[in-house]
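Residue numbers (full-length UniProt numbering), protein chains in the order written: chain A, 1 to 504; chain B, 1 to 501.
Glycine residues also receive a C-beta, built at the ideal position from the N, C-alpha and C atoms.
The block underneath contains the structure these notes are about, expressed in structure tokens.
As structure tokens, this is what we get:
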């Protein structure tokens, strides 16, 4: 059984919970209430209690924000600045994030149940670093000159695409914010951000820091609210030039549909996954079992690239299972502020109940429950035990659907051909892990799996310069890497005849 | 008044026998499963050219099945790029060898000018295939220097089974623009040519097989948009759809992709492109260019320069030259080498254009010339020029897709930029001036994907063409189009004992 952390109360003996400073919409450089005056509650998943009331934006607020962003794009300084000046401001923004790392980390912890120590050490500094990476690209935007096949001078201009709508999910509020806002800012776009209704706090804080850093009014707007209202208003807006969405595949469909029915805005989608984590006979059992655990349970399994299907070759299957269960025992579930905890609560009641349902389905469909299997017994909040099912077959619900919780399905395989086929038998195609030291197996399997990110002998190893995005119904478009800037630029071809040129 | 060509050409020109009328699936010409056929009409005479197999959803399913098999298990994506190149070069050679017959098919089917097809268009189709053939063995991903001990790289992989939905205005160009890069990339495909112009696509399929393109790689399903086209855009096993056509249908294609399997979409849609003439332009060379920009191919071209903005300083002189030039513009049988403009593609388009002309008259534009259909069999319309057009008139806003030009006067640069951009479209634009600063300012200010300075319709294999705004997204031609048919896979693995990152 997994361990629980002892916490006398929920209020932190570990960290002082910050006062919630920003609860209103951020439009055109000001924090304003929504036009309707409505608010919604953001809940602390450690306790189920209300943290704060946040302004609830709707279509009219989105319209206002788009107006401000349109003005800022068509007439304001931001797209017209030299890249180096956008860089300077973005670097300041990154510095301000670093300066306020503890407060922001605490916000993500109480809002999203994220581990405080990880947020402080990795995620929020990672967000700042991401902004720095993009800042460094802002003055390196290159089109091409083209040698034509007759006397023509031709070139391409890479121009900022315009007003962008970012719809970001709740699982990694800071990193998601930076991944979208970073390249769009560097490209010279203006934008609206709609953070998930579960996790509005850090986005509003970032808006405040952005203004302090010198980002002009109207360039970065934040409209908090619900998907069905504010989100839909964004995807169907006639004056938004592009939408960038990360979230579930079901909602991704609605986003693309709305874009199609409105103004044909280009769309990029980062959606769900059911990524295979494949362990071959020659893998180092101890090391890889730890990695598998991380891959399935990190951030309470609320990660699109979770290695939720662990395929283990039959030669080491039994040994591997033993190791998995052993290591699961030292996986601590508890208050995310506690530095000894590995797993905090699920983000909200909905997700919590959904995951528990999947566990019951797993049991009903006949998988073997190795460890975990339910909620934490003696505490409030949305805590679920890290759960491992073995003897899972490909047609079971828990092997097919994205659970987004701390549930690992372990499946046995014999041969390389077989595991390739089974790993690919999914509508998703986000990531995959391949654990082997055999060069030929690594090369063959990495090329055979239809997924956008392949980790060989590692997992969840992101890098700012490594493009990230899915195949198939995990979406299209890339974040991170220089590819991400292309999502916020469009290409204009220009041609004119040349006379008396020494050559083409 | 415009000229008309006399008489029919049958005495001088032998209409080719229509050899291919069935669906092309898995290397064979087959009847549609329903056995239904539809008629392909000759818009010069309104008569039936041939009965073509009419595909529907079941035929698309078959085609996708074989394309999927060809992609997942067949040789095409697995060949070295040089071998795809060699087969594509043979394909191009076969196109050149059959140039006259193919030009005749496009003239019969789409009323493209025969002399132009024979001298330029078909051969440039072959050349575009050769362009992409040469790219097939130059597919590059990147190795990435990571920020810690990781070996990272990207693989550029063919996206899979592609659905191409191509329009009727330039059957040959449209076929090669889509099939060329997709073939070179190693994809397999299902092509749906427009129902108005099925003939050359089927001929191309035949030639592709002769060239050695393996069965299942190129499939052609002829039929209608609401059946075959919809089956393609909503198919659960097509990985990408590449569509060229109207903006209205573009919305439907993207919606179907969204509600089915989130397939990647690229759209080349309509336009209402501004052709802007500044005071310093040379009236004698630019006026004929302006005419061609609007009237070429009977105005049935997405990048038509249908809004002519003329600066007030040369406005009167320019109009006079336009009138002079349009008087030499001959409308008639597209097989006749002396003709500049053939018939509109079909009755529907013909009626639509005529109704726009009536709109123009009703809304108070001045009819300078034309304005009526020709009094003869076939869908012939006089080249029509309206002046004193205001920006809010229907003929200034809607894409007409016919030989109807709207002329507007302007004063200043700022004004014409604003007015030129006041459209939901953003496909192309022409800027006529020798002033470098005007050229630079205006080219950067216009929200359009292709800008021609002192030229128009200056296409080149290496110049990507694509729209902004409601003219769509994604490029055709150039290497950008090639990249469309790939997806990017990132791979990372730790490195140990490396001398540096």
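What residues from chain A crowd round residue i, counting only those whose CB sits closer than 7 Å?
i, result
"residue 258(B)", "253, 256, 257, 260"
"residue 251(B)", "260, 261, 264"
Looking only at its own chain, which residues have a Cβ that is under 8 Å from the Cβ of residue i, when we skip the five neighbours before and after it?
i, result
"residue 373(A)", "359, 363, 385, 387"
"residue 317(B)", "283"
"residue 58(A)", "34, 35, 36, 38, 225, 229, 230, 233"
What did DSSP end up calling residue i once you bin it into helix, strand or coil?
i, result
"residue 62(B)", "helix"
"residue 58(A)", "coil"
"residue 123(A)", "helix"
"residue 254(B)", "helix"
"residue 478(A)", "coil"
"residue 107(B)", "helix"
"residue 354(A)", "helix"
"residue 238(A)", "coil"
"residue 413(A)", "strand"
"residue 483(B)", "helix"
"residue 200(A)", "coil"
"residue 130(A)", "helix"
"residue 501(B)", "coil"
"residue 432(A)", "strand"
"residue 50(B)", "strand"
"residue 113(B)", "coil"
"residue 221(A)", "strand"
"residue 2(B)", "No answer about residue 2(B) holds up, because its pLDDT of 42 lies below 50 and its placement is not dependable."
"residue 310(A)", "strand"
"residue 10(B)", "The predicted position of residue 10(B) is uncertain, since its pLDDT is 49 and thus under 50; a value taken from the coordinates is nonetheless stated next. Note: residue 10(B) maps to coil in three-state DSSP."
"residue 402(A)", "coil"
"residue 472(B)", "strand"
Excluding the 5 residues preceding and the 5 following residue i in the sequence, name in chain order all residues of the same chain whose CB lies nearer than 7 Å to its CB.
i, result
"residue 259(A)", "235, 243, 265, 267"
"residue 66(A)", "163, 192, 237, 239, 240"
"residue 466(A)", "480, 481"
"residue 41(A)", "50, 53"
"residue 176(B)", "125, 128, 129"
Using a Cβ-Cβ cutoff of less than 6 Å, which residues in the same chain neighbour residue i once the five nearest sequence positions on both sides are dropped?
i, result
"residue 249(A)", "271, 272, 473"
"residue 1(B)", "Reliability of the predicted coordinates at residue 1(B) is poor, the pLDDT of 37 falling under 50, and the value obtained from them is presented with this limitation in mind. Closer than 6 Å at Cβ, skipping near neighbours: no residue."
"residue 231(B)", "57, 60"
"residue 448(A)", "420"
"residue 9(A)", "Bear in mind that a pLDDT of 41 at residue 9(A), under 50, signals an unreliable position, so the model cannot answer this."
"residue 242(B)", "164, 178, 266"
Could you pull the DSSP bridge partners for residue i from this structure?
i, result
"residue 512(A)", "Only positions 1 to 504 of chain A appear in this structure, which leaves residue 512(A) out of reach."
"residue 27(A)", "30(A)"
"residue 164(B)", "191(B), 242(B)"
"residue 453(B)", "431(B)"
"residue 219(B)", "190(B)"
"residue 503(A)", "DSSP, once it has assigned bridges, lists no residue as partnering residue 503(A)."
"residue 337(A)", "Answer is none; residue 337(A) lacks a bridge partner."
"residue 151(B)", "145(B), 493(B)"
"residue 22(A)", "Beta-bridge pairing links residue 22(A) to no other residue."
"residue 409(B)", "310(B)"
"residue 489(A)", "160(A)"
For residue i, go through chain A and note every residue whose CB falls closer than 8 Å to its CB, in chain order.
i, result
"residue 156(B)", "Correct list: empty, because the minimum Cβ distance to chain A is about 11 Å."
"residue 168(B)", "Going along chain A, no residue has its Cβ under 8 Å from residue 168(B), so there is no contact; the nearest lies around 21 Å."
"residue 146(B)", "463, 465, 466"
"residue 413(B)", "The premise fails here: residue 413(B) is roughly 17 Å from chain A at the closest Cβ pair, so nothing lies under 8 Å."
Which chain A residues are close to residue i, counting only those with a beta carbon under 9 Å from its beta carbon?
i, result
"residue 254(B)", "256, 257, 259, 260, 261, 264, 267"
"residue 475(B)", "491, 493"
Determine the chain B residues that contact residue i at a beta-carbon separation under 7 Å, and present them in chain order.
i, result
"residue 490(A)", "468"
"residue 116(A)", "The contacting residues do not exist; residue 116(A) stays about 23 Å from chain B at best."
Give me the chain B residues within the contact set of residue i, using Cβ-Cβ distance strictly less than 9 Å, ordered along the chain.
i, result
"residue 457(A)", "493, 494"
"residue 175(A)", "Going along chain B, no residue has its Cβ under 9 Å from residue 175(A), so there is no contact; the nearest lies around 15 Å."
Residues of chain B with CB closer than 8 Å to the CB of residue i, please, in chain order.
i, result
"residue 183(A)", "Under the 8 Å cutoff, chain B gives no residues; its nearest Cβ is about 16 Å from residue 183(A)."
> Which full runs of the alpha helix (DSSP H) of 4+ residues lie inside the stretch 318-391 of chain B, going along the chain?
Replying inline: 347-362
> Going along the chain, which unbroken runs of the beta strand (DSSP E) with 3 or more residues stay wholly within the stretch 36-83 of chain A?
Replying inline: 39-44, 49-55
> Taking the runs of the alpha helix (DSSP H) that are 4 residues or longer, which of them lie wholly in the stretch 242-315 of chain B?
Replying inline: List check, alpha helix (DSSP H) in window: 247-259, 283-295.
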